[in-house]
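Comments concern the structure below.
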Amino acid sequence: MITERVKELISEIEQTEVANKEQLESYRMRYISKKGVVTELFDGLKNIPQEARRAVGQELNVLKNLAQNRFQEFSTAMESSSDANPVLDFDLTLPVVPNQQGSLHPLTIVRRRIIEIFERMGFNVSYGPEIETDWYNFSALNFADNHPAREMQDTFFISKSENAVKDDVLLRTHTSNVQVRLMERQKPPIRSIMPGRVFRNEAISARAHCVFHQVEGLYIDKNVSFKDLKDTLYHFAKEMFGKDSKIRLRPSYFPFTEPSAEIDVTCFICKGVGCNVCKHTGWVEIAGSGMVDPNVLENVGIDSEEYTGFAFGMGIERITMLKYGINDLRLFTENDVRFLRQFEGA
Ligand code: DAH
1 MITERVKELI SEIEQTEVAN KEQLESYRMR YISKKGVVTE LFDGLKNIPQ
51 EARRAVGQEL NVLKNLAQNR FQEFSTAMES SSDANPVLDF DLTLPVVPNQ
101 QGSLHPLTIV RRRIIEIFER MGFNVSYGPE IETDWYNFSA LNFADNHPAR
151 EMQDTFFISK SENAVKDDVL LRTHTSNVQV RLMERQKPPI RSIMPGRVFR
201 NEAISARAHC VFHQVEGLYI DKNVSFKDLK DTLYHFAKEM FGKDSKIRLR
251 PSYFPFTEPS AEIDVTCFIC KGVGCNVCKH TGWVEIAGSG MVDPNVLENV
301 GIDSEEYTGF AFGMGIERIT MLKYGINDLR LFTENDVRFL RQFEGA
């Protein structure tokens, strides 16, 4: 009986062909798996009389080897053919994996926001060179040749002139050079902001970098007053940091403005109560500013009796750090995606 069954199965296996993975799997279930027919026959061995058991066992082993060899053949054949003719073993109805999109750099987000706020107040955007002469970076801005403020800016010089300091070539230390270039080529009224990279010979640390970004602002017209400066920056602070923001002006000094003021905004993290970010003062500094010094206007051929103006300059890194609570400048240039991803959708 059992011998008949073995013969049948042998011929069945010999005639079997598999064309795809499903058929291979049915083959495996039927002849190889623990629940298959071959195992079932082996289980039946114990009911065979002792004398016949050995012979039947041998036949079963032949069947089992055949089944396994064929399975091996089928699998190998399928593997090599699947390269040429791939079997679609994935679900075409699944939703697609979304494209990983990059995000804007936080400095870009903040620069764009600053530009947007000032554009709505009627400012346009101007740019100027990063490699500059001393004239545009210092002299025209009323820095005397030996003024200590030159030293304070840790300038990277490209070449020193043998004749005149104003001809030295350097990397600009601030965006104020663009003010001068703008006033030189455009008659008032001028209402412009000037974003850009600036360079200073500073050791890189959490609080300082040799390359950073500023936005300069300039408004020149008849009757521009200190109140205009204050109103403009007050509006900016509310737009940038929230409508409850207040500003305060502290007397300061810049060679190119008179009077000059440092602009503070109420700390929007603690709302003025005092925290780490504002060093428990309730205020954070966001810009330098002032009324354009008449000497600067005269240097670029604008009549300082007829025109007045205000200027301001702010660091984009600083505003970004305040806005997002970032405590290390180096994060901006390390390109660590764990940092950058946090600005997705910002
Ligand atoms: N240029 C100054 C700096 O880099 C910032 C600044 C202060 C710009 C006052 C201005 C200004 O236009 O009026 O430190």
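Note that my numbering numbers the sequence shown so that position 219 is 219, with each residue one more than the last. Cβ coordinates follow ideal geometry from the N, Cα and C atoms, glycine included. The structure displayed is predicted, hence computed values, not measured ones.
In the structure shown, what three-state DSSP assignment does residue i receive?
{"i": "E344", "result": "coil"}
{"i": "A311", "result": "strand"}
{"i": "N124", "result": "strand"}
{"i": "M194", "result": "strand"}
{"i": "E51", "result": "helix"}
{"i": "E285", "result": "strand"}
{"i": "S176", "result": "helix"}
{"i": "F236", "result": "helix"}
{"i": "S430", "result": "Examination of residue 430 is not possible in this model, given that the chain is present from 1 through 346 alone."}
{"i": "L249", "result": "strand"}
{"i": "D221", "result": "strand"}
{"i": "M152", "result": "helix"}
{"i": "I10", "result": "helix"}
{"i": "Q68", "result": "helix"}
{"i": "G57", "result": "helix"}
{"i": "I269", "result": "coil"}
{"i": "I263", "result": "strand"}
{"i": "T333", "result": "helix"}
{"i": "S115", "result": "In the sequence as displayed, the identity of residue 115 is Ile instead of Ser. Note: I115 maps to helix in three-state DSSP."}
{"i": "I131", "result": "strand"}
Which residues in the same chain have their Cβ closer than 7 Å to the Cβ of residue i, if we skip the five residues on either side of it in sequence?
{"i": "A67", "result": "I13, Y31, I32, V38"}
{"i": "G145", "result": "Rather than Gly, the amino acid found at residue 145 in this sequence is Asp. Same-chain partners within the cutoff: V165."}
{"i": "N335", "result": "none"}
{"i": "Y27", "result": "T16, V18, F71, F74"}
{"i": "P188", "result": "I220, D221, I302, Y307"}
{"i": "A149", "result": "F143, P255"}
{"i": "G122", "result": "R191"}
{"i": "A126", "result": "The sequence given here has Ser at residue 126, not Ala. Counting only Cβ-Cβ distances below 7 Å, and skipping sequence neighbours, we find V178, L182, S192, M194."}
{"i": "E328", "result": "The residue asked about is misnamed: residue 328 is Asp in this sequence, not Glu. Cβ neighbours of D328 beyond the five flanking positions: A206."}
{"i": "G36", "result": "M29, R30"}
Quick one: using the 10 Å Cβ neighbour count with 16 as the cut-off for buried, is residue i buried or exposed?
{"i": "P98", "result": "exposed"}
{"i": "S360", "result": "Nothing can be reported for residue 360: it is not among the residues displayed for the chain, which extend from 1 to 346."}
{"i": "S11", "result": "exposed"}
{"i": "Y351", "result": "The structure shown does not extend to residue 351, since the chain is modelled only from 1 to 346, so the question has no answer here."}
{"i": "F157", "result": "exposed"}
{"i": "G309", "result": "buried"}
{"i": "S225", "result": "exposed"}
{"i": "S159", "result": "exposed"}
{"i": "M183", "result": "buried"}
{"i": "R330", "result": "exposed"}
{"i": "V337", "result": "exposed"}
{"i": "Q179", "result": "buried"}
{"i": "A237", "result": "buried"}
{"i": "M291", "result": "buried"}
{"i": "T133", "result": "buried"}
Using a Cβ-based criterion (distance less than 7 Å to any ligand heavy atom), does residue i qualify as near ligand 1?
{"i": "A311", "result": "yes"}
{"i": "G288", "result": "yes"}
{"i": "F199", "result": "no"}
{"i": "S126", "result": "no"}
{"i": "Q214", "result": "yes"}
{"i": "S176", "result": "yes"}
{"i": "F226", "result": "no"}
{"i": "F254", "result": "yes"}
{"i": "T281", "result": "no"}
{"i": "T232", "result": "no"}
{"i": "T257", "result": "yes"}
Could you name the residues of the same chain whose beta carbon sits closer than 6 Å to that of residue i, not counting the 5 residues immediately before and after it, in chain order?
{"i": "T155", "result": "L170, T173"}
{"i": "M314", "result": "V215, I286, A287"}
Kindly indicate if chain D contains any beta-carbon less than 8 Å away from that of residue i.
{"i": "V37", "result": "Although the question refers to chain D, the structure presented lacks it and comprises just one protein chain."}
Which same chain residues end up closer than 8 Å to residue i when comparing Cβ atoms and leaving out the 5 residues on each side of it in sequence?
{"i": "G282", "result": "T266, C267, C270, G272, V273, G274"}
{"i": "E202", "result": "D154, A208, H209, C210"}
{"i": "G242", "result": "F268"}
At a cut-off of 7 Å, would you count residue i as near ligand 3, judging by its Cβ distance to the nearest heavy atom?
{"i": "S260", "result": "This structure lacks ligand 3; its bound ligands are ligand 1."}
Any contact of the segment 318 to 334 with the segment 252 to 259, i.e. 3+ C-beta pairs under 8 Å? Segments in contact, no.
Taking contact to mean at least 3 C-beta pairs separated by less than 8 Å, is the segment 45 to 54 in contact with the segment 16 to 23? Result no; under three Cβ-Cβ pairs closer than 8 Å.
Would you call the segment 214 to 222 in contact with the segment 110 to 124, where contact means no fewer than 3 C-beta pairs closer than 8 Å? Segments in contact, yes.
Touching by the beta-carbon criterion (3+ pairs, under 8 Å), the segment 229 to 240 and the segment 191 to 201: Verdict: no, contact absent.
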